[in-house]
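Quick notes on the structure that follows.
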Amino acid sequence: MQQSGSERVYTFPVLDRSIRLAVLLSGSGTTLQRFLDLITAGQLCGEVCCVVSSRKDAYGLVRASQHGVPTLIAVRKEYPTMEEHSAAINDFLMPFQPDLILLAGFMVLYCPPQGMEMRVMNVHPALLPLFGGKGFYGHHVHEAVLNAGVKVSGATVHFVDTTYDTGPIILQKPVMVEEDDTPDTLAERVQAAERDIYPEAVRLFSQGRLRVEGHRVRITS
Ligand code: GAR
Numbered sequence: 358m359q360q361s362g363s364e365r366v367y368t369f370p371v372l373d374r375s376i377r378l379a380v381l382l383s384g385s386g387t388t389l390q391r392f393l394d395l396i397t398a399g400q401l402c403g404e405v406c407c408v409v410s411s412r413k414d415a416y417g418l419v420r421a422s423q424h425g426v427p428t429l430i431a432v433r434k435e436y437p438t439m440e441e442h443s444a445a446i447n448d449f450l451m452p453f454q455p456d457l458i459l460l461a462g463f464m465v466l467y468c469p470p471q472g473m474e475m476r477v478m479n480v481h482p483a484l485l486p487l488f489g490g491k492g493f494y495g496h497h498v499h500e501a502v503l504n505a506g507v508k509v510s511g512a513t514v515h516f517v518d519t520t521y522d523t524g525p526i527i528l529q530k531p532v533m534v535e536e537d538d539t540p541d542t543l544a545e546r547v548q549a550a551e552r553d554i555y556p557e558a559v560r561l562f563s564q565g566r567l568r569v570e571g572h573r574v575r576i577t578s
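If you read the sequence shown in the numbering used here, its first letter stands for residue 358, the second for the next number, and so on.
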């Protein structure tokens, strides 16, 4: 990390090995599955080194086990504070030495480990900064988009800071809202966009092509 004026600048080295990914989820784990499939198909040079779920019944845990990935269940209400919940997660995942922590439908506020600033990414099912923040997750986002009557939605991948959906944006992909869309049909097309841009953001990171300048992420060639 460098400091230029009052602006923090983060650059990342080119990884000359497979990228180690820790994945945090709360639900069905289709995002996790996307990464597992790309890695298996040789389309992403990486490894999912561990998975954390905030729910005991998350199907993402089954997907992780099917691939022999170590898992932790950390239910938020079993910890007095968000900081203690995050600390338990971080104590589990840091020994796996992840290069990146990926939030993949992780529905609780999370505090990244020290030294992992700008090494935690999230995917959000709208074009941030619109339709983000506390309470905006999954179908709630698509309902809000349709109720607002906007004509374009989409997907966003961003670095995670200490509040919901406010970290520097890495990639976005727009999706047109159709006249007859329901939250389900819109979600389907937005998730297809997520499946493109989330792995792409990870590739750019591992190629050392992301440069964070304050709140702006530049993609270098
Ligand atoms: C994803 O579509 C993602 O956009 C959303 O949760 C879904 C997870 O699905 N994330 C958020 O709403 C974050 N605010 P999955 O469990 O099948 O991967």
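Don't be surprised by glycine CBs; every beta carbon is placed ideally from N, CA and C.
Bridge-paired residues (DSSP) for residue i
i	result
Gly-403	Ile-376
His-515	Asn-479, Ile-526
Val-569	Tyr-367, Val-574
Ser-411	Looking at the DSSP assignment, Ser-411 forms no beta bridge with any residue, so it has no partner.
Thr-428	Val-408
Leu-382	Ser-410
Leu-457	Leu-378
Val-509	Met-533
Spatial neighbours of residue i in its chain, beta-carbon cut-off 6 Å, leaving aside the 5 residues before and after
i	result
Phe-463	Leu-381, Leu-382, Ser-383
Val-465	Ser-411, Arg-433
Cys-407	Ala-379, Pro-427, Leu-450, Phe-453
Thr-532	With the sequence shown as reference, residue 532 is identified as Val, and Thr is not the correct amino acid for it. Result list for Val-532: Ser-510, Gly-511, Arg-546, Val-547, Ala-550, in chain order.
Phe-493	none
Proximity to residue i [Cα-Cα], best of the options
i	options	result
Asn-504	Leu-389, Asn-479, Glu-536, Cys-468	Glu-536
Ile-435	Arg-546, Ala-445, Gln-400	Before going on, a small fix: residue 435 reads as Glu here, not Ile. Out of Arg-546, Ala-445, Gln-400, Ala-445 has the C-alpha closest to the C-alpha of Glu-435.
Pro-455	Gly-565, Pro-531, His-442, Met-473	Met-473
Val-419	Gln-400, Ala-544, Val-371, Leu-393	Leu-393
Leu-579	Pro-370, Val-409, Leu-372, Arg-374	In the structure as shown, the chain begins at 358 and stops at 578. Residue 579 is therefore absent and cannot be evaluated.
Ile-527	Ala-415, Gly-386, Leu-485	Leu-485
Val-559	Gln-400, Thr-387, Ser-385	Gln-400
His-424	His-496, Arg-391, His-442, Arg-566	Arg-391
Ile-376	His-497, Phe-493, Asp-518, Leu-395	Leu-395
Ser-443	Thr-519, Val-405, Ala-398, Ser-578	Thr-519
Arg-374	Leu-429, Val-574, Gly-403, Ser-385	Gly-403
Thr-387	Pro-370, Asp-448, Pro-556	Pro-556
Thr-542	Leu-561, Val-517, Val-502, Leu-567	Val-502
Gly-506	Val-517, Phe-369, Asp-538	Asp-538
Proximity of residue i and residue j at Cβ, strictly below 9 Å
i	j	result
Val-477	Ile-458	yes
Met-451	Tyr-367	no
Pro-470	His-499	no
Ala-461	Gly-417	yes
Val-534	Val-509	yes
Ala-544	Gly-495	yes
Val-405	Gly-565	no
Ser-385	Ala-421	no
Cβ shell of residue i (< 7 Å), same chain only, five flanking positions each side left out
i	result
Gly-571	Glu-364, Arg-365
Met-439	Leu-466, Cys-468
Lys-530	Gly-511, Ala-512, Ala-550, Asp-553, Ile-554
Leu-561	Leu-567, Ile-576
Phe-369	Phe-562, Gly-565, Leu-567
Contact set for residue i: own chain, Cβ-Cβ below 8 Å, skip 5 residues either direction
i	result
Ser-578	Arg-566
Does the pairing of the region 545–556 with the region 512–519 give three or more beta-carbon distances under 8 Å?
Under the 8 Å Cβ criterion, the region 545–556 counts as touching the region 512–519, having at least three qualifying pairs.
Would you call the region 517–534 and the region 484–503 touching, i.e. three or more CB-CB distances under 8 Å?
These segments touch.
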